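To start, the structure itself, in structure tokens.
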Amino acid sequence: QFPLGRRLPCDIYWHGVSFHDNNIFSGQVNKFPGMMETVRKITLSRAMRTMQDLFPLEYNFYPRSWILPEELSLFVDEVRTTKDSNPSWKPTFIVKPDGGCQGDGIYLIKDPGDIRLTGSIQSRPAVVQEYICKPLLVDKLKFDIRLYVLLKSLEPLEIYIAKDGLSRFCTEPYQEPTLKNLHQVFMHLTNYSLNIHSGNFIHSDSVNTGSKRTFSSILCRLSSRGADVKKLWSDIISLVIKTIIALTPELKVYYQSDIPAGKPGPTCFQILGFDILLMKNLKPMLLEVNANPSMRIEHEQELSPGVFENVPSPVDEEVKVAVIRDTLRLVDPQKKKRKDLHLSFHTYLLIFPTQLQSLRAGVAGMKDKQHKHHSLKLSLKLKFYLKLGSCQSLKQMPEASEELLDAPRSLEAALPSLCLKQVFPKYSKQFSHLRLVDRVAALFIRFLGVKGTTKLGPTGFRTFIRNCKLSNSNFSMAAVDILYIDITRRWNSIDKESGMCLQAFVEAFFCLARKKYKLLPLHEQVSSLLEHEPSRLAALHGKRLLWG
Ligand code: ADP
Numbered sequence: 049q050f051p052l053g054r055r056l057p058c059d060i061y062w063h064g065v066s067f068h069d070n071n072i073f074s075g076q077v078n079k080f081p082g083m084m085e086t087v088r089k090i091t092l093s094r095a096m097r098t099m100q101d102l103f104p105l106e107y108n109f110y111p112r113s114w115i116l117p118e119e120l121s122l123f124v125d126e127v128r129t130t131k132d133s134n135p136s137w138k139p140t141f142i143v144k145p146d147g148g149c150q151g152d153g154i155y156l157i158k159d160p161g162d163i164r165l166t167g168s169i170q171s172r173p174a175v176v177q178e179y180i181c182k183p184l185l186v187d188k189l190k191f192d193i194r195l196y197v198l199l200k201s202l203e204p205l206e207i208y209i210a211k212d213g214l215s216r217f218c219t220e221p222y223q224e225p226t227l228k229n230l231h232q233v234f235m236h237l238t239n240y241s242l243n244i245h246s247g248n249f250i251h252s253d254s255v256n257t258g259s260k261r262t263f264s265s266i267l268c269r270l271s272s273r274g275a276d277v278k279k280l281w282s283d284i285i286s287l288v289i290k291t292i293i294a295l296t297p298e299l300k301v302y303y304q305s306d307i308p309a310g311k312p313g314p315t316c317f318q319i320l321g322f323d324i325l326l327m328k329n330l331k332p333m334l335l336e337v338n339a340n341p342s343m344r345i346e347h348e349q350e351l352s353p354g355v356f357e358n359v360p361s362p363v364d365e366e367v368k369v370a371v372i373r374d375t376l377r378l379v380d381p382q383k384k385k386r387k388d389l390h391l392s393f394h395t396y397l398l399i400f401p402t403q404l405q406s407l408r409a410g411v412a413g414m415k416d417k418q419h420k421h422h423s424l425k426l427s428l429k430l431k432f433y434l435k436l437g438s439c440q441s442l443k444q445m446p447e448a449s450e451e452l453l454d455a456p457r458s459l460e461a462a463l464p465s466l467c468l469k470q471v472f473p474k475y476s477k478q479f480s481h482l483r484l485v486d487r488v489a490a491l492f493i494r495f496l497g498v499k500g501t502t503k504l505g506p507t508g509f510r511t512f513i514r515n516c517k518l519s520n521s522n523f524s525m526a527a528v529d530i531l532y533i534d535i536t537r538r539w540n541s542i543d544k545e546s547g548m549c550l551q552a553f554v555e556a557f558f559c560l561a562r563k564k565y566k567l568l569p570l571h572e573q574v575s576s577l578l579e580h581e582p583s584r585l586a587a588l589h590g591k592r593l594l595w596g
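Residues in the sequence shown are numbered from 49 upward in steps of one, following the numbering used here.
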């Protein structure tokens with residue numbers, strides 16, 4: 049925080065919510081431009097749908113979803129058709145408002161006719177999704193897993209997963225959904241923010257009991273029951289890598305728009321929160337990705353009616369402090385330079401000292417929830433700082449900073465081993481065939497023309513068709529214009545701005561691929577079109593962009 053303006057460039061910038069500062073010309077920022085938008089429920093569902101169309105078996109870890117209101121009739125039709133062909137299918141669906149969090153506005157339904165389309169929350173765009181009726185239970189309770197993932201770089205893609213995560217428990221014993229129990233949120237929704245208000249919520253100082261536990265404690269328990277925990281981890285790693293592969297095309301479009309290649313700018317990294325549900329058969333299913341996961345390590349306790357106090361949460365501390373500590377270690381610019389180890393501690397000091405003061409002044413008096421949350425995040429950073437160095441209290445900070453500058457080597461050596469494990473590029477070979485939309489996005493970006501935009505105009509689209517020699521006697525330039533108008537009109541009725549967004553371009557590309565290679569499966573049609581005119585497309589690939 050720089051109340052008087054920032055004077056010196058920093059090595060690492062730690063933004064609270066999203067990438068927002070266009071005056072950063074070097075260093076690293078802890079958020080990617082557009083990440084918040086990319087992981088919203090509707091955008092995530094669209095990206096997953098595209099991947100499910102291309103690779104249905106590889107992407108069956110995401111529940112079948114429809115976007116409301118635009119796909120309401122498709123939803124109704126598909127449910128009716130499936131029921132007609134399989135009368136024993138008795139599904140449940142979960143409706144989740146777009147942009148919602150903490151269980152806000154979520155409800156379960158048995159019949160598509162029960163969707164609520166009026167009222168303030170209900171009229172918001174939403175995702176309706178197949179409800180996973182048979183989750184794995186522990187102590188008869190449903191729980192989900194929050195895993196922390198570091199997207200360290202977009203190009204080349206670098207992904208790390210934290211070895212441990214959190215398991216967040218419901219507070220009412222689980223029963224499969226029936227019309228009678230559909231509304232029981234403490235039975236069906238695992239959100240901490242909801243269950244904390246149930247009389248049954250158990251705060252525990254131990255990491256393997258209570259309503260919030262470490263994921264490793266669940267794994268121990270499963271392993272003692274004979275479950276194949278290695279396979280489970282490998283499925284989770286696949287789920288994370290595949291999900292990020294689905295998100296990268298959109299992220300790259302935002303990236304080139306905010307941080308154009310060739311101009312001075314920062315590089316980005318980001319900690320993401322993956323919410324995963326284990327099915328009874330131990331198959332992990334993705335619920336959502338959080339761009340701004342809470343790094344809070346305290347929880348609120350009601351001391352007497354209406355009087356709350358923040359008390360440390362050992363489970364959160366165990367998992368989250370390690371994630372932040374390792375993120376800073378992995379992105380540490382000094383690691384690359386290895387010039388002057390002293391400087392790396394200047395980096396930490398640049399981030400933390402002002403926050404220490406605001407922390408002292410802050411937490412107690414803050415009423416507003418967001419401010420309180422922010423202060424608690426600062427408190428985590430303080431704890432991290434204290435863990436890094438040897439100082440014991442706030443009062444010692446100024447003197448301690450000198451001490452720290454004198455002893456960086458021994459501190460680095462004294463840090464625990466990394467909790468963040470690299471999974472990409474480590475396992476890249478198994479997943480490279482899935483990166484088709486990335487290649488389509490590279491073409492899209494190439495033809496965007498003017499830097500700073502995220503939409504392709506009609507001229508850009510025509511240039512793409514001409515350059516790639518996709519027009520011929522069967523597909524005239526007039527037909528190209530009609531395709532452009534048809535597709536953009538539909539997409540712009542959703543997002544209002546003129547021009548062709550990436551998803552519309554992907555749809556157009558798929559349409560061209562189908563036209564040209566009629567009998568192949570979709571992913572082969574798309575890869576054939578990408579290989580088409582190899583000399584031309586090869587020249588287009590990879591030239592334009594330099595990512596962080
Ligand atoms: P929010 O961002 O509001 O927390 P989520 O998508 O995480 O929304 O859903 C909230 C909770 O609802 C999840 O933590 C999970 O317990 C439950 N849930 C969400 N989707 C499903 C699903 N498809 N099947 C079963 N439970 C689900």
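Quick reminder that beta carbons are idealized off the backbone N, C-alpha and C, glycines included.
None of these values were measured; they are calculated from a predicted model.
If you draw a straight line from the C-alpha of residue i to the C-alpha of residue j, how long is it?
i, j, result
"E119", "V301", "26 Å"
"N540", "L270", "48 Å"
"H245", "T257", "18 Å"
"P57", "N78", "15 Å"
"T511", "R194", "45 Å"
"P341", "K131", "38 Å"
"W137", "R128", "11 Å"
"K188", "C268", "17 Å"
"G354", "S259", "22 Å"
"V38", "I319", "The question about residue 38 has no answer here: the residues shown for the chain are numbered 49 through 596."
"T226", "A462", "54 Å"
"L205", "N134", "42 Å"
"A309", "G500", "10 Å"
"E528", "D306", "Position check: residue 528 holds Val in this sequence, whereas Glu was assumed. Roughly 30 Å separates the two Cα atoms."
"D59", "P314", "9 Å"
"H231", "I154", "10 Å"
"H63", "A526", "47 Å"
"S352", "P145", "34 Å"
"Y61", "V379", "11 Å"
"I533", "E579", "26 Å"
"L116", "L165", "9 Å"
"F509", "S521", "18 Å"
"G497", "N358", "52 Å"
Tell me which same chain residues have a C-beta within less than 7 Å of the C-beta of residue i, skipping the five on either side of it?
i, result
"V255", "R261, T262, S265, P362, V363, E366"
"R483", "I293"
"Y303", "F80, P81, L202, W595"
"F123", "W114, P160, V176"
"G247", "none"
"S252", "G258"
Using 8 Å for Cβ pairs, my map puts residue i next to residue j. What's the rounded Cβ distance?
i, j, result
"I250", "L468", "Contact doesn't hold; Cβ gap of about 29 Å is too wide."
"Q349", "L242", "Incorrect: roughly 17 Å between the Cβ atoms, too far for contact."
"R216", "F191", "6 Å"
"I345", "P360", "7 Å"
"K89", "V143", "Going by Cβ atoms, the distance from K89 to V143 rounds to 10 Å, so no, they are not a contact pair."
"V485", "P297", "5 Å"
"S93", "S121", "17 Å between Cβ atoms; not a contact."
"I289", "Y475", "7 Å"
"L577", "K566", "That pair is no contact at about 12 Å."
"F322", "V337", "6 Å"
Starting from the C-beta of residue i, find all residues in its chain whose C-beta is less than 8 Å away, skip the five residues before and the five after it, and write them out in chain order.
i, result
"M327", "I180, K182, P183, L184, M333"
"Q223", "N229, M235"
"L550", "P297, E298, V301, A489, F492, T502"
"D212", "T262, F263, S264, E366, V367, A370, C467"
For residue i, I'd like the list of residues in its chain whose CB is within less than 6 Å of its CB, leaving aside the five on either flank, ordered along the chain.
i, result
"L198", "Y208, I319, T375, L468"
"T86", "L295, E298, L299"
"I157", "F141"
"A370", "C467"
"P221", "K188"
Contiguous beta strand (DSSP E) assignments of at least 3 residues, all confined to the segment 254 to 330: 260 to 262, 318 to 326
The segment 95 to 110 contacting the segment 570 to 578, beta-carbon criterion three pairs below 8 Å: yes
Segment contact flag, the segment 553 to 564 with the segment 478 to 492, C-beta cutoff 8 Å, min 3 pairs: When C-beta atoms of the segment 553 to 564 are compared with those of the segment 478 to 492, three or more pairs fall below 8 Å, so the two segments count as touching.
Runs of alpha helix (DSSP H) lying entirely within the segment 78 to 133, each at least 4 residues, in chain order: With a minimum length of 4 residues, the continuous alpha helix (DSSP H) runs that stay inside the segment 78 to 133 are 83 to 86, 89 to 102, 120 to 133.
Runs of alpha helix (DSSP H) wholly within the segment 513 to 553 (minimum 4 residues, chain order): 525 to 543
4-residue-minimum alpha helix (DSSP H) runs that sit fully inside the segment 462 to 518, ordered along the chain: 476 to 479, 484 to 496, 506 to 515
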